[in-house]
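In order, the protein sequence lines correspond to chains A and B. So that you can map any letter, position 138 of the first sequence is 138 in our numbering, and since no number is skipped, the others follow by simple counting. Just add 149 to wherever you are in the second sequence, counting from 1, and you've got our numbering. Every residue gets a Cβ at the ideal spot worked out from N, C-alpha and C, and that includes glycine. Treat the numbers as computed from the prediction; the structure is a model and nothing was measured. Report on one structure; see the data block that follows.
2 protein chains.
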Amino acid sequence: MGIKDDAVEVRAQGWRTLAALHGLIEAELERSLQAVAQLSVVEYTVLDALSRQDGWHMRMQQLARATALSASATTRLVTRLEDRGLLTRILCADDRRGIYTELTPKGVDLLEEARPSHDAALERALAGAHEVPELAPLVDALPRLHARV
Amino acid sequence: MGIKDDAVEVRAQGWRTLAALHGLIEAELERSLQAVAQLSVVEYTVLDALSRQDGWHMRMQQLARATALSASATTRLVTRLEDRGLLTRILCADDRRGIYTELTPKGVDLLEEARPSHDAALERALAGAHEVPELAPLVDALPRLHARV
DNA sequence: GCGGTATAGTTGCTTGTGCAACAATAAATA
DNA sequence: TATTTATTGTTGCACAAGCAACTATACCGC
Chain A
1 MGIKDDAVEV
11 RAQGWRTLAA
21 LHGLIEAELE
31 RSLQAVAQLS
41 VVEYTVLDAL
51 SRQDGWHMRM
61 QQLARATALS
71 ASATTRLVTR
81 LEDRGLLTRI
91 LCADDRRGIY
101 TELTPKGVDL
111 LEEARPSHDA
121 ALERALAGAH
131 EVPELAPLVD
141 ALPRLHARV
Chain B
150 MGIKDDAVEV
160 RAQGWRTLAA
170 LHGLIEAELE
180 RSLQAVAQLS
190 VVEYTVLDAL
200 SRQDGWHMRM
210 QQLARATALS
220 ASATTRLVTR
230 LEDRGLLTRI
240 LCADDRRGIY
250 TELTPKGVDL
260 LEEARPSHDA
270 ALERALAGAH
280 EVPELAPLVD
290 ALPRLHARV
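See the structure below:
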């Protein structure tokens with residue numbers, strides 16, 4: 001087994017670890033968000049992304065990228081949230097193909113209501129993952145990516 | 150903003166980064182595996198997990214954990230692969246509730262055929278992700294988790 | 001051994017997702 | 001300006017996923 005093969009195997013193992021941790025966290029968030037706000041993880045992701053956006057509006061395609069979803073899934077996701085009154089579609093004046101989505105006050109409220117639960121669930125999930133030997137190193141590495149210090 | 154709030158935000162950002170990278174990689178693998186072997190990422194994950202198992206057999210529940218899938222999804226996933234002749238169900242002698250799944254020679258062949266393409270796609274995805282500033286640190290951290298040196 | 005509880009896996013049903021085809025608008029080219 | 005080409009978002013369709021309910025087997029206390 002040469003150096004090159006090692007690199008391949010190391011990448012594969014890294015990916016498996018990443019996928020496993022992702023799965024754990026997503027499951028925990030899903031349970032938590034569903035319980036507290038009847039939101040799925042992607043739905044929360046949309047609301048959160050919009051809330052961290054200047055003016056609280058984003059275009060469909062930005063949303064698709066932010067959620068790693070297809071265009072069609074994004075359309076229906078936005079429709080779903082719009083039907084619940086959590087955001088609104090706003091036609092784009094300068095580019096009439098484009099559509100902005102914007103949080104409604106109700107959307108902001110629900111997000112603020114869900115956020116503490118989300119954050120707690122994330123913390124729980126990471127703590128739980130840290131107990132799994134294969135996942136612990138990644139859990140430790142994660143906060144170092146963006147730490148201020 | 151206190152220290153505690155910072156920790157929450159750091160975790161959230163770490164999670165967003167993890168999810169984004171996961172999405173990119175999964176999409177790239179999906180395309181690649183679909184093209185070369187008509188396999189989805191989870192399907193490949195099952196075959197790969199079985200191949201790295203002594204005796205090439207696993208129980209349904211192990212598989213469910215390895216793929217981060219529900220029990221019912223696992224049942225149908227295994228059924229799908231069984232219908233294609235890539236693995237077989239084997240009744241467990243000592244625990245008659247349990248069911249082992251085992252790769253068939255055909256399954257091994259397909260896996261070996263798909264693996265190079267999978268590994269290349271993974272490498273491409275990581276290289277691509279490395280170009281995205283927010284993702285680069287995580288991409289760099291990944292191979293260090295399990296590196297031999 | 002016998003009833004109650006826990007565990008393993010499967011099935012019905014509903015829902016979210018991706019792909020491909022589409023409509024509408026913008027941008028490029030002649 | 002007219003025509004092609006690219007981009008943005010939406011819809012029809014097929015399929016995979018989760019939840020809850022179910023069957024079958026194992027385990028535990030009596």
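For residue i, does the count of other Cβ atoms within 10 angstroms reach 16, so buried, or fall short, so exposed?
i      : result
E280/B : exposed
A127/A : exposed
G150/A : What is shown of chain A runs 1 to 149, which leaves residue 150/A out entirely.
L178/B : buried
R264/B : buried
A242/B : exposed
R11/A  : buried
S181/B : buried
Just reading off the beta strand (DSSP E) that residue i is part of, what are its end residues?
i      : result
L135/A : Premise fails: L135/A is in no beta strand (DSSP E) and is neither H nor E.
L47/A  : First-last for L47/A: V41 to S51, but that is the alpha helix (DSSP H), not the beta strand (DSSP E).
T253/B : Neither: T253/B is in no beta strand (DSSP E) and is coded neither H nor E.
R89/A  : L87 to L91
What in chain A is Cβ-close to residue i, meaning under 7 Å?
i      : result
A296/B : V10
By how many angstroms is the C-alpha of residue j removed from the C-alpha of residue i?
i      : j      : result
T88/A  : P133/A : 44 Å
D119/A : S72/A  : 29 Å
T79/A  : T101/A : 10 Å
L63/A  : H295/B : 34 Å
T74/A  : D244/B : 45 Å
L21/A  : R293/B : 16 Å
V46/A  : A215/B : 28 Å
V136/B : A168/B : Since the first residue shown for chain B is 150 and the last is 298, residue 136/B is missing from the structure and cannot be characterised.
I248/B : V108/A : 48 Å
S40/A  : A184/B : 30 Å
L240/B : Y193/B : 23 Å
E153/A : Q202/B : Outside the shown range of chain A, which is 1 to 149, sits residue 153/A, and nothing can be said about it.
Going along chain B, which residues have a C-beta under 7 Å from residue i?
i      : result
L138/A : L294
G23/A  : A217
T17/A  : L294
L142/A : G163 and L167
Taking 7 Å as the cut-off, is the beta-carbon of residue i closer than that to any non-hydrogen atom of the ligand SAM?
i     : result
L29/A : Absence of the ligand SAM is noted for the structure shown, with no ligands found whatsoever.
List, in chain order, every chain B residue whose beta-carbon is nearer than 8 Å to that of residue i.
i     : result
Q13/A : L294 and H295
What residues from chain A crowd round residue i, counting only those whose CB sits closer than 9 Å?
i      : result
T224/B : Under the 9 Å cutoff, chain A gives no residues; its nearest Cβ is about 18 Å from T224/B.
What is the residue span of the alpha helix (DSSP H) that residue i lies within?
i     : result
R65/A : M60 to T67
L77/A : A71 to D83
- For the region 264-281 of chain B, enumerate the residues whose C-beta is nearer than 7 Å to any C-beta of chain A, in chain order. D268, L271, E272 and L275
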